[in-house]
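Here is the structure we will look at, set down as structure tokens.
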Amino acid sequence: GVMDDDFIDSYIALKQEEVARLQLHPHPVEFDMYYSC
584 GVMDDDFIDS
594 YIALKQEEVA
604 RLQLHPHPVE
614 FDMYYSC
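According to my numbering, the residues represented by the sequence shown are 584 to 620, in order.
Printed below as a string of structure tokens:
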């Protein structure tokens with residue numbers, strides 16, 4: 584392949600960290616549903 588396995592593994596790990604950080608916060612629509620009065 585064009586990219587070696589180490590590069591792909593590092594990229595996946597980086598993206599998984601981004602996803603984990605996003606999952607800690609509510610989606611704007613959820614925020615609107617639960618916190619709008």
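Cβ coordinates follow ideal geometry from the N, Cα and C atoms, glycine included.
Going by C-alpha positions, HIS610 is about 18 Å away from LYS598. In the DSSP annotation of this structure, the continuous segment of the alpha helix (DSSP H) that includes PRO611 starts and ends at 611-618.
In the structure shown, ASP588 falls within a helical segment according to DSSP collapsed to helix, strand and coil. The three-state secondary structure of LEU605, taken from DSSP, is helix.
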